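Protein chains in written order, with the numbering used here: chain A, 30 to 195; chain B, 30 to 195.
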């Protein structure tokens, strides 16, 4: 488990091999089982495989290549109609995304958590026909990894991150 | 992996068996390797084993029992000095907490993600000598599980959560 967590990395280049719908469902399933405050499950999903849609979305971020070359996109929205406290809801969405990223890695696929595209949240919502009150929180681009595995960015040590221990 | 995600539950009752420091470090290590926007790693940790401190903290939430009977508490703070965008930073903290909860479960321990105590964030920060700009984001109470495993609260189905698929 710890090994899975530590070897996960952001994969931004993909082959054109198709991901079976069954695998996509497994990944969404992992997201669905995340914890949330009061179990309010504020996450909502849009799944994109259509190349025309991916190309349209790719124009809304500087990371166009990851979007257009991904086999599948999972856009994660916060349903503000069931939101109860923004800080906690954003944390819950983060837990949900992390469940999906770990599952992607575990399944031998590669994925990247895209946040820069949030600047175009309303436009993404329009393309994906998001219901009212749905706010874009993240896009996961995924596929079978192409090319050499990228380096994992380093992390600060535990002693730097832990300010109190008693 | 999916099985681990789906069988994780909130454990609120603990035996008085001690958790080795080595295991606590493994759990923090899992948190440390979470993804964050721009890899800013905004999470900071305070680890509490001292019973006097736990009892003090337990007065700051209605979930006193989970706090005072836990063997170890991990309080997770957001370091606003390295924060770059609140929504994304809260998501990163959520990913970090989820890594730790999954690791706790994987190690055969039990834990619960406490959010209600955020209402007393400044008081918690004072007790734990949090540096300036450290905002309480979550407390994980953990220990060896006592009593029967609690029911896992249900989740909405994928078809309810997925509003777009093309």
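All residues carry an ideal CB built from backbone N, CA and C; glycine is no exception.
Please read all numbers here as calculations on a predicted model, not as lab measurements.
Requested in this report: Identify which residue in 72(A), 170(A), 172(A), 136(A) has its Cα closest to the Cα of residue 160(A).
Outcome: By one-based count along the first chain, residue 160(A) stands at place 131. Closest option to residue 160(A), Cα to Cα, is 72(A).
Query raised in the report: Under a CB-based cut-off of 7 Å, is residue 68(B) close to chain A?
Result: Locating residue 68(B) in the second chain gives position 39, where the first residue counts as 1. Yes, because at least one Cβ of chain A sits closer than 7 Å to the Cβ of residue 68(B).
Report task. Provide the residue span of the alpha helix (DSSP H) that contains residue 122(B), from first to last. Result -> The residue labelled residue 122(B) in the question sits at position 93 within the second chain. Here the alpha helix (DSSP H) through residue 122(B) covers 115-135.
Query raised in the report: Using the rule of at least 16 other Cβ atoms within 10 Å of the residue's Cβ for burial, across every protein chain shown, is residue 137(B) buried or exposed?
Result: On the second chain, residue 137(B) is found 108 positions in, with the first residue counted as 1. It is exposed - the Cβ of residue 137(B) has fewer than 16 other Cβ atoms within 10 Å.
Query raised in the report: Should residue 151(A) be listed as close to the ligand ZN, given that the test is whether its C-beta is under 6 Å from any heavy atom?
Result: Here there are no bound small molecules, and the ligand ZN is not part of this structure.
Query raised in the report: Among residues of its own chain, excluding the 5 on either side of residue 175(B), which ones have a beta-carbon nearer than 6 Å to its beta-carbon?
Result: Numbered from 1 along the second chain, position 146 holds the residue referred to as residue 175(B). Cβ neighbours of residue 175(B) beyond the five flanking positions: 42, 43, 44.
Report task. Classify residue 140(A) as helix, strand or coil using the three-state DSSP reduction. Result -> Locating residue 140(A) in the first chain gives position 111, where the first residue counts as 1. Residue state, collapsed to three classes: strand.
Query raised in the report: Applying a beta-carbon distance threshold of less than 8 Å, which residues of chain B neighbour residue 132(A)?
Result: Along the first chain, one-based indexing puts residue 132(A) at 103. By Cβ distance, chain B contributes 30, 31, 34.
Query raised in the report: Pick from 76(B), 94(B), 180(B), 61(B): whose alpha carbon is nearest that of residue 122(B)?
Result: Start at 1 with the first residue of the second chain, and residue 122(B) comes out as number 93. The option with the nearest alpha carbon to residue 122(B) is 61(B).
Query raised in the report: Is the CB of residue 108(B) under 7 Å away from at least one CB in chain A?
Result: Taking the first residue of the second chain as 1, we reach residue 108(B) at position 79. It does not: the Cβ of residue 108(B) has no partner Cβ on chain A nearer than 7 Å.
Query raised in the report: Under a three-way DSSP split, which group does residue 53(A) fall into?
Result: If you number the first chain from 1, residue 53(A) lands on position 24. Looking at residue 53(A) - three-state DSSP - the assignment turns out to be helix.
Query raised in the report: Which residue from 36(B), 86(B), 112(B) puts its Cα closest to that of residue 145(B)?
Result: Along the second chain, one-based indexing puts residue 145(B) at 116. Among 36(B), 86(B), 112(B), the Cα nearest to that of residue 145(B) is on 86(B).
Query raised in the report: Ordered along the chain, which non-local residues of its own chain (more than five positions away) have a Cβ less than 7 Å from that of residue 50(B)?
Result: Against the second chain, residue 50(B) aligns to sequence position 21. Contacts found: none.
Query - Residue of 88(B), 187(B), 55(B) minimising C-alpha distance to residue 103(B) - result: Position 74 of the second chain holds residue 103(B). Nearest option by C-alpha distance: 55(B).
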